[in-house]
Structures are given as C-alpha cells and as structure tokens.
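Asks: Numbering (the working numbering), first residue to last: 35 to 440.
1. Determine the burial state of residue 311: buried for a count of at least 16 other Cβ atoms within 10 Å of its Cβ, exposed for fewer.
2. Taking Cβ to Cβ, would you say residue 251 is nearer than 7 Å to residue 360?
3. Do you know how far the Cα of residue 308 is from the Cα of residue 54?
4. For residue 113 and residue 78, which I take to be in contact (beta-carbon distance under 8 Å), what is that distance rounded to the nearest angstrom?
5. Can you give me the Cβ contacts of residue 99 inside the same chain, cut-off strictly under 6 Å, excluding the 5 residues immediately before and after it?
6. Mark residue 214 as exposed unless 16 or more other C-beta atoms lie within 10 angstroms of its C-beta, in which case mark it buried.
7. Can you tell me where the alpha helix (DSSP H) with residue 249 in it begins and where it stops?
8. Can you find the residues in the same chain that come closer than 8 Å, C-beta to C-beta, to residue 228, ignoring five residues on each side of it along the sequence?
9. Is the separation between the beta-carbon of residue 82 and that of residue 234 shorter than 7 Å?
10. Distance, Cα to Cα, residue 111 vs residue 47?
11. With which residues is residue 409 paired in a DSSP beta bridge?
12. Assign residue 170 to one of two classes, buried (16 or more other C-beta atoms within 10 Å of its C-beta) or exposed (fewer than that).
13. In its own chain, which residues sit with a C-beta less than 6 Å from the C-beta of residue 168, not counting the 5 before and 5 after it?
14. Could you compute how far the alpha carbon of residue 59 sits from the alpha carbon of residue 157?
15. Using a Cβ-Cβ cut-off of 7 Å (strictly less than) and excluding sequence neighbours within five positions of residue 399, which residues of its own chain qualify?
16. Can the beta-carbon of residue 294 be found closer than 7 Å to that of residue 126?
17. On the three-pair Cβ rule with 8 Å, is the region 116-124 touching the region 205-224?
18. Under three-state DSSP, which class holds residue 396?
19. Taking the Cβ atom as the reference point for each residue, do residue 355 and residue 410 lie within a distance shorter than 7 Å?
20. Check residue 357 in the structure and name its three-state DSSP category.
21. Under three-state DSSP, which class holds residue 83?
22. Just how far apart, CA to CA, sit residue 183 and residue 419?
23. Just to check my reading of the structure: residue 353 and residue 415 have Cβ atoms closer than 8 Å, yes? What is that Cβ distance to the nearest angstrom?
24. Leaving out the 5 sequence neighbours to the left and right, which residues in its chain are closer than 6 Å to residue 285 when beta-carbon positions are compared?
25. Specify the secondary structure class of residue 210 as computed by DSSP and reduced to three states.
26. Less than 7 Å between the C-beta atoms of residue 135 and residue 240, yes or no?
27. Which residues bound the alpha helix (DSSP H) around residue 376?
28. My output table needs one value for residue 279: the three-state DSSP class, helix, strand or coil.
29. Going straight from the alpha carbon of residue 283 to that of residue 217, what length do you get?
30. Counting only the same chain and skipping the five closest in sequence on each side, list residues whose C-beta sits under 8 Å from that of residue 243.
31. Residue 346 to residue 306, Cα distance in whole Å?
32. Which residue comes first and which comes last in the alpha helix (DSSP H) that contains residue 126?
33. Which word fits residue 296, buried or exposed, when buried means at least 16 other C-beta atoms lie within 10 angstroms of its C-beta?
34. Less than 6 Å between C-beta atoms, sequence neighbours within five positions excluded: which residues of the same chain meet that for residue 165?
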C-alpha cells in the first residue's frame, strides 16, 4: 500500500514498532508475519507470565515476593491481551489506516493542512518519546538483571528452581544453574521482554495516533464551517448546500471512526488503568519498604533509579490516554461553536438554521473510555494518582504494623 508522505510522517514510528511485533496490517502479509504476533504472545506467556505466576503461588505468604511478582506480571498480562486484541481487530485497523490515508491525500487549504499537521506532530512526539523510553528501559532492565543475577549467583542457599540469574524471578521445573537450560531460557526471556515492551508501547502510541488524527479532522471540519460562507455561497445557493453536505458527511465519517476505535479498544483500557494504579502503588511500596524494614536489605541507587523509570514508563502511557481523550472531547465539542465564527448572519433563515444540526451533534462529544466505565481526561489522571497514593498508604500501614508486632 502506498502512503502519503505526511501520513508517513505521522505514523512512521508506530508502523516500525508494530511491524516488528507483527501487528501492522498489510494487505500482502505473509504467513510468518501473521503468525509473529501469536508466537510472541505465546513466548511471553510461557517464559515470563507462567513462571512468575507459579512463583507468586509458591511464595504466597511472603508479602514482598508476591508484590514483586504482581508488579511485573500485571503489565506483562496487559501486553499479551493487547497483542490478542490487535490481531482480533485487524480489519478495524485496516479501515482506520485507509481512512487516515484518504484524509491526508485530499486537497486542503493552508489553514486546514496546518491544523492536521499540528496533531500529526503531537502524535510523532508521543511515538518518538515512547520508543526512546521503551528501548532505554529495556537495555537498563537487562543490565540491571545481569547485575542482580551476578550477586545471587554467589549465594549457595537458594533453590535452583527459582530461576537464579535469569531476567525474571520464577519457579521453573528444572535447575536454572545448568548452562544447558540457563542460556536458552535467558535468551527466550530477553526476546519475550523486548517483544512485550514493544507491543505494550506500540499499542498505546498507535491508538493515540488514531485518536489525534480524529482530533485533527474535527479541527478541519471546524475550519471548513468557519470559512463556509463566502461570495460563491452568497451568489449561488446550490454551492452552500453542496459544501455543507460535504462537511456533514465528513463529520459523520469521523464520528463513525471514533466510535469504531472506542468500541474496539476500550475493553483493554480499563484493566490497563487498573494495572497502572496497582503498579504505581506496588513499586512505591517496594521502595519505601526498603527504608523502613531492616529485614528487606539495602537498596542500591541503581535499583531505585530503575524502579522510578519503570513507574514513569507505566504512568506516562496512562497520561497519554488521558491527554488524547481530553483533546478528543474538547475538539468534538468545539465544533458546536465553530459555525458561530462564520458569517451565518448573512444567510437566509433556512440556511442559517441548518447549521444548528452541527451544534446539536456536538452536544454528544466523542469520548475515549476505559471499558465504558469512565472517560479519559486529565482529571481522571489526577484521580488515578490520588487512588494509588491511597492504596500505598494502606499497604505501608499494614507493613508497619507487622514490623511493630515483630
């Protein structure tokens, strides 16, 4: 499929990441490309999620060990579900890409092109920032785990089935210290980590890219309404109805695309919001516990920095959804005011009244929701952080009580 240069500018980084994990919908995909996503999800489940879940069950009485397993397993499970959802809604992605390509290929005025380019730049900034942080976090994670593994390898009192030296603590059905098992398992976990982090980030950045494209098109419709009444419209009434009908059709197409994206992907956004809340809480608990609990051992600056970056990575993706959701609601509502900026007062009553249809439609703005439970907005982001701090305070109180009892 041939893509417009401006379209490539907006989605290039998303396309590269999604193609890496086999989730970019191309019409001429080969068998291996279609299978890559499923193989990646299976490898993540077998090498990371399952051993971690088993370890959490084995260590159920150890609060710190269970929290460590859950803080990693939550985002891992979300990454697996994201891969499955992207594969399931492949046709929706194709339709969205075709619509976006068509919008970029149409002739636009300088003002319309400017507002489209504005949202494209925001989308690109989000994609580039997310990709850089994802790759940096992956490299830091690998080196961090190698360093931790070297420290653990010196101990002789550990159960060899507890994946000593591997990237993830897990309960395995073999002795992980034997090189015949250790090396293939380490490589498989490294690949699964890269795959899961890329899929997790690429899903969020591409959904935000599609939502921002809708915001750009809503802004274009607003510009079209503002410039609707000109000399041509005043001279020939048919010109008005032709232009106005084109605006209405474009508005309906964008509304349908927005609803399609919302209905397809809102199911994963609610658990992601929950996981983000829990991860922020658990990672904060792990860091603070290392200071207040003498039995937890000392925490190095490297460990603390890694935990902070990991929390920032998770929270950043939630903020992106809140930002684009707020932007979408604002732009879809703003259309109801756009025709007031035009010279509607120079039109006959029948024509000026017809503009009110746009205003009435804007009373039901497009929303990006978390499982139809709540709409993403900047206020929601603050509420999630507030809730996380509340859960963190509760865990610290329980931990402090246990320390006092001992």
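C-beta: ideal position from N, C-alpha, C; glycine also.
Replies: So, from the listed chains and residues:
1. buried
2. no
3. 27 Å
4. 6 Å
5. 93
6. exposed
7. 213-260
8. 172
9. no
10. 24 Å
11. 403
12. exposed
13. 231, 235
14. 19 Å
15. 363, 366, 367
16. yes
17. no
18. coil
19. yes
20. helix
21. helix
22. 33 Å
23. 6 Å
24. 255
25. coil
26. no
27. Neither: residue 376 is in no alpha helix (DSSP H) and is coded neither H nor E.
28. helix
29. 58 Å
30. 44, 45, 48, 157, 160, 161
31. 15 Å
32. 124-139
33. buried
34. 47
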